[in-house]
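Trainee:
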Amino acid sequence: MQKSTKQTAARGNPCRRRTAATPRVTCRKAGRPPATRIRGGRRSRPSPFLVLRSSALTASRVQLRPPTPARIVVLVSGAGTLLNSLAEASRAADYPAQIVAVGADRDCGALANAADAGIACFAVSVRDHADRSAWDVALTEAVAAHEPDLVVSAGFMKILGPAFLERFGGRIINTHPALLPAFPGSHAVADALAYGVKVSGSTVHLVDSGIDTGAVLAQEAVPVLADDDEATLHERIKVVERRLLAEVIAAVATRGVVSDGRKAVIPSE
Numbered sequence: 001m002q003k004s005t006k007q008t009a010a011r012g013n014p015c016r017r018r019t020a021a022t023p024r025v026t027c028r029k030a031g032r033p034p035a036t037r038i039r040g041g042r043r044s045r046p047s048p049f050l051v052l053r054s055s056a057l058t059a060s061r062v063q064l065r066p067p068t069p070a071r072i073v074v075l076v077s078g079a080g081t082l083l084n085s086l087a088e089a090s091r092a093a094d095y096p097a098q099i100v101a102v103g104a105d106r107d108c109g110a111l112a113n114a115a116d117a118g119i120a121c122f123a124v125s126v127r128d129h130a131d132r133s134a135w136d137v138a139l140t141e142a143v144a145a146h147e148p149d150l151v152v153s154a155g156f157m158k159i160l161g162p163a164f165l166e167r168f169g170g171r172i173i174n175t176h177p178a179l180l181p182a183f184p185g186s187h188a189v190a191d192a193l194a195y196g197v198k199v200s201g202s203t204v205h206l207v208d209s210g211i212d213t214g215a216v217l218a219q220e221a222v223p224v225l226a227d228d229d230e231a232t233l234h235e236r237i238k239v240v241e242r243r244l245l246a247e248v249i250a251a252v253a254t255r256g257v258v259s260d261g262r263k264a265v266i267p268s269e
């Protein structure tokens, strides 16, 4: 779930936590990425291909099929529990995706964990740029430098801007702790409890320019118990969220996504 504000969870430079046994990693405050990675404004490796699925040449119905293994950049802002579960899943020999970099909008525990695990990492802070538009461009270029096939927002607390969406639109995956379109926004669990619903859950969806309005890829229900508070319900949703995100990424990396307006479908095997 993307949110516009949240207090910084950690301070200090996460790069310094690398031990002698850990491979050298890239962890830096990113502005403009190395020019050698982007040539002529284009990526130096083939992009995930889009296959038009209509006889008329319309972009309303397309299929995204990343190469395997798919290259993933994960965006984070906090402790990185979602990142940790995805990293664990990706270590399986048959998992069809690999995390090539972790990016954040601030120094945080997730960046430190990525550095310790030997994953390239970078931070692009809004306060280091003249305005939000400049930050948007800098984040876009920092992510593009790692040539991702998919971008995963795993607890990233900033709204992605137009430059980022133009570059990576249709291949940004996010999670939300409610059954969208119910209870969008940053207080989804509390809102669900306040409304008195008997079932909530987790949604994995594509990211668009709205707040939790992108096409749904997968959902799983979580019962609301009579004695639930926000913490207990959220923890049970997180358990589902971690598993569901890894499953969806594996499915997208293997079979792609067919998008048609509001509908996004992962083809069956």
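Numbering (the numbering used here), first residue to last: 1 to 269.
All residues carry an ideal CB built from backbone N, CA and C; glycine is no exception.
Contact defined as beta carbons within less than 8 Å: I believe I173 pairs with G201. What is the distance between those atoms, to the nearest angstrom?
Mentor: With 8 Å as the limit, I173 and G201 do not qualify as a contact, their Cβ atoms being about 17 Å apart.
Trainee: Ignore the nearest five residues each way along the sequence and tell me which others in P267's own chain have a CB closer than 7 Å to its CB.
Mentor: The beta carbon of P267 lies closer than 7 Å to those of R255, G256 and V258 in the same chain, with the five residues before and after it left out.
Trainee: Which partner residues does A264 have in the DSSP bridge list?
Mentor: S259
Trainee: At the level of alpha carbons, what is the spacing between A120 and A114?
Mentor: 7 Å
Trainee: Going by the CB atoms, is the gap between F122 and G109 shorter than 7 Å?
Mentor: no
Trainee: Going by the CB atoms, is the gap between T232 and V204 shorter than 7 Å?
Mentor: Not a contact, by the Cβ cut-off of 7 Å.
Trainee: Based on the DSSP secondary-structure assignment, which residues constitute the bridge partners of I172?
Mentor: V151
Trainee: So, helix, strand or coil for L244, using DSSP?
Mentor: Per DSSP, reduced to three states, the secondary structure at L244 is helical.
Trainee: With a 10 Å radius around its C-beta and 16 neighbouring C-beta atoms as the bar for buried, classify P181 as buried or exposed.
Mentor: It counts as exposed.
Trainee: Going by DSSP, what residues sit across from I249 in a beta bridge?
Mentor: Beta-bridge partners of I249 (DSSP): none assigned.
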